[in-house]
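First comes the structure, then the notes that go with it.
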Amino acid sequence: MTKFVETSNLPFCPGCGHRVAVINTEKALERIGLNPLDVILVTDIGCHGIVDKNFHTHTIHGLHGRSPALAAGVAAALRNPDKKVIVYMGDGGATIGLQHLVEAAHRNFNMTVFVLNNMLYGMTGGQGSGLTPKCYKTMTYPEGHPQAGYDLVELIHAARAPYARRLVGRGDYSDIVEEALKINGFALLEIVEVCPSYGLKFNRGKRLDYFLEVSGIEEKLLIHENRQPFTLSERETAPLLSEKLAIEVEFNSDFKGTKRIVASGSAGEGVQSAGEIFATAAITSGLHATKKGAYPVTVGVGFSTAEVIVSDSEILYTGIVVPDVAIITSVDGLGHSLSRIQKMTEDGILIIDDSLDVPETRAKVIRHPFRKETGGRTAALRALAFYNSKVERLFPEEALLQTLRRSKLAGKVKENVLKFD
Ligand SMILES: Cc1ncc(C[n+]2csc(CCOP(=O)(O)OP(=O)(O)O)c2C)c(N)n1
Ligand code: SF4
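Residues in the sequence shown are numbered from 9 upward in steps of one, following my numbering.
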């Protein structure tokens, strides 16, 4: 039994060039002498990809043309030079996912890409790809392709790949496969071959050499010396996002239930920061909280709305259709939240700056001069603090104060913004 690939029942049509490529891969891997479980084969959509079930290695099957992106993720996460990440893709996939290939080469991910270039889309019936040679007849160009395909090896070399090579895939070329597999960093080997079921059928009587000559396709090897493979050193030293964002519980809250709060004001008036501080203070008090923001793409003008949900239990839906509490501190904010305010019931609370006209609503209305007291830039934060101090206590005032002191607003916003007589 072969160690890396079961070659006795390869799933390809008789005479398919993919078959020869797989057998050469098996031979090369045998010679390198890896453990099969140190090999990760990443394939994608196309006839080449259906071979992965024959591999005794790890395998990943991705979207068409996206195998280099998946493999880059695997290579980056593994960070282990003893593992071998191999990609199989067709010329169709290499064309459709070209940018993934170029990026992987440019960033020099540690992987070996085999582009099994049978000069057309095999799996879908023989359409041409970006690598189809001049005059080659395909489903899409029954009279023959009007122009030569582009030179993938040159492109990948231009992206500074350490190794980019093209060979015509005939017979035993496992020494070249072995060479590509041994590259430390990104290596691409384009193997030019034939799909008998469509390529030979559409181009009856013509030999591969004829098309190579007409198109000027030649075997070549292009090298960039001394490039270090991609490493994750910055990520290795940086704390995980989950550690960085972890919020400790330091206060207690007796609050039971869920409050859906919409705070609406104007861009530049700290509405989003106020929402974040409020939600964070709730979490430091042992509650669950979510915060979402809405504002126009022109972030410096117009409304700014923060949606905060605070609950004593897990929050499974973070949207707010009808708020329990609406906090409005500017005309822009009123305009943006008006339709939701109008849907509020008698159980709802509308807290609105007293400089604004009160809209029609069934909610209980509380007016307060937030803008006048501490200015427009702190009106949203003050109004949220007012709600927690004077209207409904969700968590201790101290939690809000401490969260403000630790936030990016510390030193910029006076603490009396949170204080009420
Ligand atoms: C993004 C995307 N576009 C198109 C398809 C349809 N599709 C499936 S297989 C295939 C052709 C595959 O050709 P190639 O990548 O050259 O592999 P081969 O079959 O020749 O081995 C196409 C276009 C798809 N699955 N995904
Ligand atoms: S259709 Fe072509 S590429 Fe697909 S297995 Fe058959 S010969 Fe190979």
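From the three backbone atoms N, C-alpha and C, an ideal C-beta is built for every residue, glycine too. Here the structure is a predicted model, which means the values were calculated and not measured.
Are the CB atoms of residue i and residue j nearer to each other than 8 Å?
i	j	result
residue 303	residue 275	yes
residue 140	residue 127	yes
residue 358	residue 272	no
residue 257	residue 292	yes
residue 95	residue 122	yes
residue 46	residue 91	yes
residue 266	residue 317	yes
Taking the alpha-carbon of residue i as reference, which of the options has the nearest alpha-carbon?
i	options	result
residue 336	364, 425, 298	364
residue 17	264, 384, 60, 234	60
residue 165	327, 109, 41, 11	109
residue 268	330, 372, 424	330
residue 277	66, 76, 388	388
residue 152	143, 308, 160, 159	143
residue 312	50, 323, 325, 338	338
residue 198	214, 205, 229, 219	229
residue 12	31, 181, 20	31
residue 369	334, 149, 340, 385	334
residue 147	138, 159, 132, 155	132
residue 36	49, 190, 295	190
residue 202	259, 76, 24	24
residue 112	99, 170, 155, 15	170
How is residue i classed by DSSP in three states: helix, strand or coil?
i	result
residue 98	strand
residue 420	coil
residue 125	strand
residue 399	helix
residue 361	strand
residue 209	helix
residue 253	coil
residue 388	helix
residue 334	strand
residue 228	strand
residue 288	helix
For the beta strand (DSSP E) that residue i lies in, which residues bound it at each end?
i	result
residue 168	Premise fails: residue 168 is in no beta strand (DSSP E) and is neither H nor E.
residue 266	266-274
residue 195	194-200
residue 153	Element bounds for residue 153: n/a, residue is neither H nor E.
residue 50	47-51
The alpha helix (DSSP H) spanning residue i covers which residue range?
i	result
residue 188	182-189
residue 301	Not the alpha helix (DSSP H): residue 301 falls in the beta strand (DSSP E), residues 296-302.
residue 323	From DSSP, residue 323 is part of no alpha helix (DSSP H); its letter is neither H nor E.
residue 12	Segment: none, residue 12 is in no alpha helix (DSSP H) and carries neither H nor E.
residue 379	378-382
residue 109	106-115
Please classify residue i as buried or exposed, where buried requires at least 16 other C-beta atoms within 10 Å of its C-beta.
i	result
residue 29	buried
residue 428	exposed
residue 299	buried
residue 396	buried
residue 174	buried
residue 185	buried
residue 383	exposed
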